[in-house]
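Here is the structure we will look at.
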Amino acid sequence: MILNEYIQQYEFSEYTLFISTGGAEIPLDDYNVDVWIDYCSKKYCFTFFTINNIKSLFIKNKKEGECKNGLYFTCPDMIILEELSIENIKNTIDGLIEECEIEQFKCVDL
Numbered sequence: 000m001i002l003n004e005y006i007q008q009y010e011f012s013e014y015t016l017f018i019s020t021g022g023a024e025i026p027l028d029d030y031n032v033d034v035w036i037d038y039c040s041k042k043y044c045f046t047f048f049t050i051n052n053i054k055s056l057f058i059k060n061k062k063e064g065e066c067k068n069g070l071y072f073t074c075p076d077m078i079i080l081e082e083l084s085i086e087n088i089k090n091t092i093d094g095l096i097e098e099c100e101i102e103q104f105k106c107v108d109l
């Protein structure tokens, strides 16, 4: 379900998945998206990147002088995929739940 032009919602048996697309069509191989899920009455937050997007961000940062002129890149809730697709995002979240690794992505309420 598309909630608005910026957020897509998907209902699965264990959780509800929200993807913030920034209003853009998502290229599968060079992009990043903010994702959150409602699971067991808690919210978990992720930023999914593709490998190519991280390379593109390094190039951009070198040109624009960000991150010490492209020396580094960081994102605390980062997950890297080869391809951004709903299937890959869902399977990754399922794996985090199955492997009990989901708690490291719990959102902090401010």
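Residue numbering for the sequence shown follows numbering that gives the first Met the number 0, starting at 0 and increasing by one per position. C-beta atoms are modelled at their ideal positions from N, C-alpha and C, and glycine is treated no differently.
The beta carbon of Glu81 lies closer than 7 Å to those of Thr49, Ile50 in the same chain, with the five residues before and after it left out.
Phe45 carries a strand assignment under DSSP once its states are collapsed to helix, strand and coil. Here the alpha carbon of Gln103 sits roughly 14 Å from the alpha carbon of Glu97.
In this structure, DSSP gives Ile25 a state outside helix and strand, which the three-state scheme calls coil. Only exposed fits Tyr71, as fewer than 16 other CB atoms lie within 10 angstroms of its CB. In the same chain as Ser55, and ignoring 5 residues on each side of it, the C-beta atoms closer than 8 Å to its own belong to Asp29, in chain order. With contacts defined by Cβ atoms closer than 8 Å, Asn60 and Thr46 do not form a contacting pair.
Here Leu95 is buried, its C-beta having at least 16 other C-beta atoms within 10 Å. Annotation for Ser19: no alpha helix (DSSP H) segment contains it, though the beta strand (DSSP E) segment containing it runs 14 to 19.
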